[in-house]
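Trainee: Protein chains in written order, with full-length UniProt numbering: chain L, 1 to 125; chain A, 1 to 289.
Idealized CB from N, CA, C, for every residue including glycine.
I'd like to ask you about the structure that follows.
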């Protein structure tokens, strides 16, 4: 799964959060399944060339939120989906949607127009 | 962890002024009431313009340059009277390395190794291979990048507790730089060392540093964990009458654009039109407007 992850250290967003969000997206999107084994903090840090403390912070957050399970002496695994971590794909789109709406408003694109655009792009993909 | 660990390097209200020159009658202040503490495991990226005091700070920590006032604690000792024991646990790569001209790499390493009882020969070999250095080559025939690689081996093969690197990677190619950064992590996390390194390559600092220290004209403007930096330092666009909370620290202001350190206060503020997080390079530019 390493090849599915990448971070951009020069974006203003903290690296741990980029990593956290990507892993959540992989779980919600079904690319990662419950019980899948995750790479170790070291492997992730080496692959992404970032400080392991940053990676371990992201993992800790995933564990705290119930996305990932850590058992003593074993690699981390994707946790079973429970009511605590059943975020849907649509709820994860909220930040992008709010940015899109904001920009549309700034540019004077109204709701109907935006809907049309969305349809066009959806069909193009 | 930080509260229990003993500091590896500690500056307390350190001042340093270089003597007056023909250009400046009052002398040149290079460090102004500078306080900073490094604990084991920290990789601190030191960022500042040329002449901001980065190299002086490192030299003071080593006792190469005397300070005018304040206090420095280097591995529990005063830098002016560093014991041999302490020196064996410090690694330093200055901006212009060298010495060992007239030596071949293996002869230079042989001599250098003899000063450090903790020297790890396997690590040395590993790095020689990785940097692709031919040990029969004469030191003065090496390219700038090769010299830098050798200097890094000489400063790191004994896993120093305190590692000071003054622009260590500028001449390394991107692949060598990435590998070198991995070595820094190993040192900081496995050996519990503290690393202070200056670089103008902000994207490297963003990957490698656990903390960033930004100095401007001898003054430590910011010292924060790198993630906290992205979350707490913001560029705001405000109205003329906007009241910013007292807990905010204003770092710079040009008209309605204010660079603030929110110091963890995440409440929404009325009258802020726009709020932006910055990467290190943008932050650096904003601070030097």
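Does the Cβ of residue 15 of chain L have 16 or more other Cβ atoms within 10 Å, making it buried, or fewer, making it exposed?
Mentor: With 16 or more Cβ atoms within 10 Å of its Cβ, residue 15 of chain L is classed as buried.
Trainee: Just curious, the alpha helix (DSSP H) that residue 64 of chain L is in, first and last residue?
Mentor: From DSSP, the alpha helix (DSSP H) with residue 64 of chain L extends over 52-64.
Trainee: Determine the chain L residues that contact residue 183 of chain A at a beta-carbon separation under 8 Å, and present them in chain order.
Mentor: Here the premise fails: no neighbours, minimum Cβ distance about 11 Å.
Trainee: Would you mind reading off the limits of the beta strand (DSSP E) that contains residue 91 of chain A?
Mentor: Element bounds for residue 91 of chain A: 90-93.
Trainee: Can you pull the chain L neighbours of residue 126 of chain A, defined as C-beta to C-beta under 8 Å?
Mentor: The contacting residues do not exist; residue 126 of chain A stays about 15 Å from chain L at best.
Trainee: At a CB-CB cut-off below 7 Å, which residues of chain L make contact with residue 278 of chain A?
Mentor: Near residue 278 of chain A (Cβ distances below 7 Å), the residues of chain L are 12.
Trainee: Drop a sphere of 10 angstroms on the beta-carbon of residue 3 of chain A, count the other beta-carbons inside from all chains shown, and report buried for 16 or more, exposed for fewer.
Mentor: Unreliable positioning characterises residue 3 of chain A in this predicted model, as indicated by a pLDDT of 48, which lies under 50. The coordinate reading is nonetheless provided below. Residue 3 of chain A comes out exposed.
Trainee: Give the interface partners of residue 46 of chain L over in chain A, defined as CB-CB distance under 7 Å, in chain order.
Mentor: The answer, in chain order, is 182.
Trainee: Find out if the Cβ-Cβ distance for the pair residue 160 of chain A, residue 90 of chain A is shorter than 7 Å.
Mentor: In contact: residue 160 of chain A and residue 90 of chain A (Cβ atoms closer than 7 Å).
Trainee: Does the distance from the CB of residue 53 of chain A to the CB of residue 215 of chain A come in under 7 Å?
Mentor: Cβ atoms of residue 53 of chain A and residue 215 of chain A: closer than 7 Å.
Trainee: Would you say residue 16 of chain L faces chain A, with C-beta separation under 7 Å as the test?
Mentor: Residue 16 of chain L counts as touching chain A.
Trainee: Spatial neighbours of residue 274 of chain A within its chain, please: CB distance less than 6 Å, with the 5 preceding and 5 following residues excluded, ordered by chain position.
Mentor: Answer for residue 274 of chain A: 237, listed in chain order.
Trainee: For residue 208 of chain A, return the contacting residues in chain L, with the cut-off set at a CB-CB distance below 7 Å.
Mentor: Ordered by position in chain L, the residues that pass the 7 Å Cβ test against residue 208 of chain A are 51.
Trainee: Please name the residue or residues paired with residue 211 of chain A in a DSSP beta bridge.
Mentor: DSSP output for residue 211 of chain A lists A/44, A/225 as bridge partner(s).
Trainee: Do residue 226 of chain A and residue 212 of chain A have their beta-carbon atoms positioned less than 7 Å apart in this structure?
Mentor: In this structure, residue 226 of chain A lies closer than 7 Å to residue 212 of chain A by Cβ.
Trainee: Run through DSSP, which three-state label would residue 113 of chain L get?
Mentor: If DSSP states are grouped into helix, strand and coil, residue 113 of chain L belongs with the helices.
Trainee: Pull up the DSSP beta-bridge partners for residue 194 of chain A, would you.
Mentor: For residue 194 of chain A, which the question treats as bridged, DSSP gives the partners A/162.
Trainee: Going by other Cβ atoms of all chains shown within 10 Å of its Cβ, with 16 needed for buried, is residue 290 of chain A buried or exposed?
Mentor: Shown here, chain A extends from 1 to 289; a query on residue 290 of chain A therefore has no answer.
Trainee: Can you find the residues in the same chain that come closer than 8 Å, C-beta to C-beta, to residue 80 of chain A, ignoring five residues on each side of it along the sequence?
Mentor: Excluding sequence neighbours, residue 80 of chain A sits near 63, 66.
Trainee: Thinking C-alpha only, which one of L/12, L/3, L/1 is nearest residue 281 of chain A?
Mentor: Closest option to residue 281 of chain A, Cα to Cα, is L/12.
Trainee: Name the residue from L/41, L/6, L/43 whose alpha carbon lies nearest to the alpha carbon of residue 25 of chain L.
Mentor: Residue L/6 is the option with its Cα nearest to residue 25 of chain L.
Trainee: Under 7 Å Cβ to Cβ from residue 82 of chain L, same chain only, skipping five residues before and after it: list those, please.
Mentor: Here the set comprises 66.
Trainee: First and last residue of the alpha helix (DSSP H) that includes residue 200 of chain A?
Mentor: That residue, residue 200 of chain A, is in no alpha helix (DSSP H); it is neither H nor E in DSSP.
Trainee: Relative to the C-alpha of residue 162 of chain A, which candidate in A/114, A/123, A/42, A/136 has its C-alpha closest?
Mentor: Of the candidates A/114, A/123, A/42, A/136, the one whose C-alpha sits nearest the C-alpha of residue 162 of chain A is A/42.
Trainee: Looking only at its own chain, which residues have a Cβ that is under 7 Å from the Cβ of residue 264 of chain A, when we skip the five neighbours before and after it?
Mentor: So the list reads 232, once near-sequence residues are dropped.
Trainee: Under 8 Å between beta-carbons, which chain L residues line up against residue 231 of chain A? List them in chain order, please.
Mentor: Ordered by position in chain L, the residues that pass the 8 Å Cβ test against residue 231 of chain A are 14.
Trainee: Count the other C-beta atoms from every protein chain shown that fall within 10 angstroms of the C-beta of residue 12 of chain A, then say buried if there are 16 or more, exposed otherwise.
Mentor: With fewer than 16 other Cβ atoms within 10 Å, it is exposed.
Trainee: Quickly, what does DSSP pair residue 15 of chain A with across the bridge? List them, please.
Mentor: BP columns for residue 15 of chain A point to A/69.
Trainee: Report yes or no: is there a C-beta of chain A within less than 7 Å of the C-beta of residue 39 of chain L?
Mentor: Residue 39 of chain L does not count as touching chain A.
Trainee: Classify residue 51 of chain L as buried or exposed, calling it buried when 16 or more other Cβ atoms lie within 10 Å of its own Cβ.
Mentor: By the 10 Å Cβ count, residue 51 of chain L comes out buried.
Trainee: Using a beta-carbon distance cut-off of less than 8 Å, what residues from the segment 168-201 of chain A approach chain L?
Mentor: Those would be 178, 181, 182, 185, 189, in chain order.
Trainee: Around the C-beta of residue 10 of chain A, are 16 or more other C-beta atoms found within 10 angstroms, so that it is buried, or is it exposed?
Mentor: Flag for residue 10 of chain A reads buried.
Trainee: What does DSSP give as the partner residues of residue 219 of chain A in its beta bridges?
Mentor: Its beta-bridge partners are A/216.
Trainee: Closest to residue 37 of chain L by CA distance: which of L/117, L/113, L/123, L/69 is it?
Mentor: That would be L/69, whose Cα lies nearest to the Cα of residue 37 of chain L.
Trainee: Find the nearest neighbour of residue 30 of chain A within the set A/217, A/267, A/70, judged by alpha-carbon distance.
Mentor: Nearest option by C-alpha distance: A/217.
Trainee: Threshold first: 3 residues or longer. Then list the beta strand (DSSP E) segments lying entirely within the segment 102-187 of chain A, N to C.
Mentor: Runs found: 162-166.
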